[in-house]
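Peer 1: Mapping of the sequence shown onto my numbering: position 375 corresponds to residue 763, and the numbering continues sequentially without gaps.
Note that beta-carbon positions come from the ideal geometry of N, C-alpha and C, so glycine has one too.
A quick note: this is a predicted structure, and the numbers were derived from the prediction, not measured.
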Amino acid sequence: MLATLNPDVVILGAGIAGLWSLTALQQAGYTALLLENQQLGGTQTLASQGIIHGGTKYTLSGQLTNSAQSIKAMPAIWRNCLHGIGSLNLTPVQILSKSQHLWSTGQLGSSLITLLASHAMQSRVTSVAANNQYPEILQHPDFKGQVYCLDEPVLNIASLIHTLIDLTPNSHLQINPETGLDVKLISENSPYKFELTIDNGTNAPLKLTCKHLVLTAGIGNQALLTMLGLTKPVMQARPLHMIMLRGNLPSFYGHCLGVGTNPRLTITTHSLSATERVWYLGGQIAETGVKRSVESQITYAKNELAAVLPWLNLTNMRWATWRVERAEQRQPGAIRPDQPCVYTQNGVSVVWPTKLAFAPVVADKLLTSLNQEQIYPRSESAPSISVYTRLSQYDWPRPPLPKLPWESITEWN
Ligand SMILES: Cc1cc2nc3c(=O)[nH]c(=O)nc-3n(C[C@H](O)[C@H](O)[C@H](O)COP(=O)(O)OP(=O)(O)OC[C@H]3O[C@@H](n4cnc5c(N)ncnc54)[C@H](O)[C@@H]3O)c2cc1C
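(1) Taking just the CA atoms, how far does N577 sit from Q437?
(2) Less than 8 Å separating the beta-carbons of Y418 and V397?
(3) Would the beta-carbon of G677 fall within 8 Å of that of Y688?
(4) Hey, W800 and R634: beta-carbon distance below 8 Å or not?
(5) I'd like to know if the segment 565 to 574 and the segment 470 to 480 are in contact, where contact means that at least 3 CB-CB pairs between them fall below 8 Å.
(6) Return the chain-ordered list of same chain residues with a C-beta closer than 7 Å to the C-beta of P771, the five sequence neighbours on each side being excluded.
(7) Are L754 and V602 touching if we call contact CB-CB under 8 Å?
(8) Let me check you understand the geometry: is the CB of W740 closer than 7 Å to at least one non-hydrogen atom of ligand 1?
(9) Tell me whether the segment 778 to 787 and the segment 697 to 704 touch, counting them as touching only if at least three CB pairs, one residue from each stretch, are closer than 8 Å.
(10) Of the choices I797, I525, T656, whose alpha-carbon is the least far from that of A694?
(11) Starting from G334, follow the alpha helix (DSSP H) in both directions and report where the run begins and ends.
(12) Can you give the beta carbon distance from W710 to M630, rounded, assuming they're within the 8 Å contact cut?
(13) Return yes when at least one heavy atom of ligand 1 lies under 7 Å from the C-beta of H441, else no.
(14) Identify the continuous alpha helix (DSSP H) that holds L612 and give its terminal residues.
(15) Which first and last residues belong to the alpha helix (DSSP H) in which Q760 is found?
(16) In terms of alpha-carbon separation, which member of V738, Q760, E761 lies closest to Q750?
(17) Less than 8 Å between the CB atoms is what I'm expecting for G403 and T431, so what's the real figure, rounded?
(18) Exposed or buried, what is L660 when buried is set at 16 or more other beta-carbons lying within 10 Å of its beta-carbon?
(19) Compute the distance between the beta-carbons of T444 and V513, then report whether it is under 8 Å.
(20) In its own chain, which residues sit with a C-beta less than 6 Å from the C-beta of L744, not counting the 5 before and 5 after it?
(21) What does DSSP give as the partner residue(s) for P627 in the beta ladder?
(22) Tell me whether K743 counts as near ligand 1, meaning its Cβ is closer than 7 Å to at least one heavy atom of that ligand.
(23) What do you get for P627, buried or exposed, if any count of 16 or more other CB atoms within 10 angstroms of its CB means buried?
(24) Using DSSP bridges, identify the partner residues of D570.
(25) To the nearest angstrom, how far is the alpha carbon of D726 from that of L645?
(26) In terms of residues, what are the limits of the alpha helix (DSSP H) holding E424?
(27) Would you mind working out which of V682, S684, P638 sits nearest R665, comparing C-alpha positions?
(28) What distance in whole Å lies between the Cβ atoms of T411 and L555, which are believed to be in contact at a cut-off of 8 Å?
(29) Report the CB separation of G442 from S492 in whole angstroms; it is logged as a contact under 8 Å.
(30) Compare the C-alpha of T585 against each of N394, S780, W794 and name the closest.
(31) Does DSSP classify A708 as helix, strand or coil?
(32) If distances are taken between C-alpha atoms only, which option among M623, K581, N691 comes closest to Y731?
(33) Regarding M630 and ligand 1, is the C-beta to nearest heavy atom distance less than 7 Å?
(34) Out of curiosity, what's the CA-to-CA distance linking V535 and I483?
(35) Is it buried or exposed, M389, if we count other Cβ atoms within 10 angstroms and call 16 or more buried?
(36) Does the distance between the C-beta of G635 and the nearest non-hydrogen atom of ligand 1 fall short of 7 Å?
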């Protein structure tokens, strides 16, 4: 006979959207469980650069775009959490850098200088005038460009995921990617609308009934929408081809300003050992590199680094690339959405955060959706409290812990 658990909410997908929402819902008093068919930490989330954007890079066109407006508040919200005074306690998360740098290879155009000095940008960017204040890699005598400091932190994504996992014990269930999930609508009018049968290939299948389903499966949301017979919202996927180089590299978090509104290169640094670091390269190069093979993307990256940091010694570096797709709500012209998507219909919320930085907004919108559906947290005395204890008794396996791209790559060129 199948065992049955009755959480209020089941979340599908353990990237930042799923893990942050799980934590926020549990803290609000809901009983929530999360199902994952690969690894904890997600696909896009683990591939991300960990930058808590405040939207500055979206203002480089000279216009305060919708993207820039809506994301502006995010660094402060995250900083509160990182300092233990926000909605979630993220004090164990490792902050790789409190800020980043914007740099140019030569003199910036006057319009960009005016923009960076403008009132709108004053809270976001400060000019770094003295060479000895530059990041180490830009202190070279041949550097003739300009440097700005950007007040947006960069996080160690693995430590963020581990922190969220620790905040939500006995709540993460591994399911088989092929056969792990079957969802039935019990009744539109029943409080427990959905019955899920889950399987991990080892234990006897488990039944979950819940009042609300949250789809935070990234690119996997499309298949889940089809399974549930839902046609809205529609997804778009925008691919990236990121680059990694490893060796004796200095620590650097910076965006190289190019001619377009997207940074030519965005560099973040990740430690492998006391002497070896990875530089993870995104920005325009990852967008245009989608059509390049691994070899030509690496060659292109070598040429770009030689052009923008010619004094950087690239001998003895080892190289790899990482392909990943960004999953979002479809936009006209397949442009980047300005806002996170939380689309709720008949007990199902479909989520694409658009940016890691928007995770707190996603959780707030979900809590509002639950209220609108008149699903309220249960009182402390309710039997649901035992869902986590009962789950721990089934000895159901937890999805594997996160591996970052540079930990997953086995072949470096
Ligand atoms: C290369 C790159 C760099 C980025 N850099 C930044 C950055 O620096 N700052 C920023 O703010 N944003 C950044 N972003 C955007 C940000 O990473 C994403 O918006 C965010 O991580 C998406 O999180 P998610 O939880 O929706 O999806 P994901 O992280 O993709 O997680 C989805 C999870 O769902 C699981 N899943 C799929 N199907 C199922 C199923 N049927 N059942 C159960 N589970 C399922 C998957 O295995 C996965 O674990 C970047 C994105 C990319 C790709």
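Peer 2: Quick answer:
(1) Your numbering for residue 437 matches position 49 in the sequence shown. Your numbering for residue 577 matches position 189 in the sequence shown. Between the alpha carbons of Q437 and N577 lies a distance of about 43 Å.
(2) The residue given as residue 418 occupies position 30 in the sequence shown. The residue given as residue 397 occupies position 9 in the sequence shown. Cβ atoms of Y418 and V397: closer than 8 Å.
(3) On the sequence shown, position 289 is the one that residue 677 refers to. On the sequence shown, position 300 is the one that residue 688 refers to. For G677 and Y688, yes; Cβs fall inside 8 Å.
(4) Mapped onto the sequence shown, residue 800 falls at position 412. Mapped onto the sequence shown, residue 634 falls at position 246. A contact, by the Cβ cut-off of 8 Å.
(5) With the rule of 3 Cβ pairs closer than 8 Å, the segment 565 to 574 does not count as touching the segment 470 to 480.
(6) Here residue 771 refers to the residue found at position 383 of the sequence shown. With a pLDDT of 49 at P771, under the threshold of 50, the modelled position of this residue cannot be trusted, and the question is left open.
(7) Within the sequence shown, numbered from 1, the residue matching residue 754 stands at position 366. Within the sequence shown, numbered from 1, the residue matching residue 602 stands at position 214. Cβ distance < 8 Å, so L754 and V602 count as in contact.
(8) Within the sequence shown, numbered from 1, the residue matching residue 740 stands at position 352. Yes, ligand 1 has a heavy atom inside 7 Å of this Cβ.
(9) The segment 778 to 787 vs the segment 697 to 704: no contact.
(10) Locating residue 694 in the sequence shown gives position 306, counting from the first residue. Nearest Cα to A694 within the set I797, I525, T656: I525.
(11) The chain is shown only over 389 to 801; residue 334 falls outside these bounds and no answer can be derived.
(12) Here residue 710 is taken as the residue at index 322 of the sequence shown, counted from 1. Here residue 630 is taken as the residue at index 242 of the sequence shown, counted from 1. With 8 Å as the limit, W710 and M630 qualify as a contact, their Cβ atoms being about 4 Å apart.
(13) As a working note, residue 441 is residue 53 in the sequence shown. Between ligand 1 and H441, a heavy atom-to-CB distance of less than 7 Å is present.
(14) The sequence position of residue 612 within the sequence shown is 224, counting from 1. Judged by DSSP secondary structure, L612 falls within the alpha helix (DSSP H) whose first and last residues are 609 to 615.
(15) As a working mapping, residue 760 is identified with position 372 in the sequence shown. The continuous alpha helix (DSSP H) containing Q760 extends over residues 747 to 760.
(16) Start at 1 with the first residue of the sequence shown, and residue 750 comes out as number 362. Note that residue 750 corresponds to Val in the displayed sequence, not to Gln. The candidate whose alpha carbon is nearest that of V750 is V738.
(17) Residue mapping note: residue 403 aligns to position 15 of the sequence shown, counting from 1. Residue mapping note: residue 431 aligns to position 43 of the sequence shown, counting from 1. A Cβ-Cβ distance of about 7 Å is found for the pair G403 and T431, placing them in contact under the 8 Å criterion.
(18) Position 272 of the sequence shown, counting from 1, holds the residue named residue 660. Its Cβ having fewer than 16 others within 10 Å, L660 is exposed.
(19) Locating residue 444 in the sequence shown gives position 56, counting from the first residue. Locating residue 513 in the sequence shown gives position 125, counting from the first residue. Taking 8 Å as the Cβ cut-off, T444 and V513 qualify as a contacting pair.
(20) Working through the sequence shown from its first residue, we reach residue 744 at position 356. So the list reads I404, S436, once near-sequence residues are dropped.
(21) As a position in the sequence shown, residue 627 is number 239, starting the count at 1. According to DSSP, P627 bridges with E713.
(22) Here the question's residue 743 lines up with position 355 in the sequence shown. Distances taken from the Cβ of K743 to the heavy atoms of ligand 1 include one shorter than 7 Å.
(23) Position 239 of the sequence shown, counted from the first residue, corresponds to residue 627. Burial call: exposed.
(24) Position 182 of the sequence shown holds residue 570. Answer by DSSP bridge pairing, in chain order: T585.
(25) Taking the first residue of the sequence shown as position 1, residue 726 is located at position 338. Taking the first residue of the sequence shown as position 1, residue 645 is located at position 257. Our two residues, D726 and L645, have alpha carbons roughly 21 Å apart in a direct line.
(26) Taking the first residue of the sequence shown as 1, we reach residue 424 at position 36. No alpha helix (DSSP H) holds E424; the beta strand (DSSP E) holding it covers 420 to 424.
(27) For the purposes of this step, residue 665 is identified with residue 277 of the sequence shown, where counting begins at 1. When each option's Cα is compared against that of R665, the closest is P638.
(28) Within the sequence shown, numbered from 1, the residue matching residue 555 stands at position 167. Within the sequence shown, numbered from 1, the residue matching residue 411 stands at position 23. Beta-carbon to beta-carbon, L555 and T411 are separated by about 5 Å, close enough to satisfy the 8 Å threshold.
(29) Taking the sequence shown and counting its residues from 1, the one referred to as residue 442 is at position 54. Taking the sequence shown and counting its residues from 1, the one referred to as residue 492 is at position 104. S492 and G442 do not touch by the CB rule: their CB atoms are close to 20 Å apart, not below 8 Å.
(30) Counting from one through the sequence shown, the residue named residue 585 turns up at place 197. Measuring from the Cα of T585, the nearest candidate turns out to be N394.
(31) Mapped onto the sequence shown, residue 708 falls at position 320. Strand, per DSSP.
(32) Along the sequence shown, read from residue 1 onward, the residue named residue 731 stands at position 343. The shortest C-alpha separation from Y731 is found at M623.
(33) Here residue 630 refers to the residue found at position 242 of the sequence shown. Distances from the CB of M630 to the heavy atoms of ligand 1 include at least one below 7 Å.
(34) Within the sequence shown, the letter at position 147 stands for residue 535. Within the sequence shown, the letter at position 95 stands for residue 483. A straight line joining the alpha-carbon of V535 with that of I483 spans about 22 Å.
(35) By 1-based counting over the sequence shown, the position of residue 389 is 1. Caution is warranted here: a pLDDT of 45 is assigned to M389, below 50, making its placement in the model unreliable, and the coordinate value is therefore given only provisionally. Its Cβ having fewer than 16 others within 10 Å, M389 is exposed.
(36) Position 247 of the sequence shown, counted from the first residue, corresponds to residue 635. No, since every heavy atom of ligand 1 falls outside the 7 Å radius drawn around the Cβ of G635.
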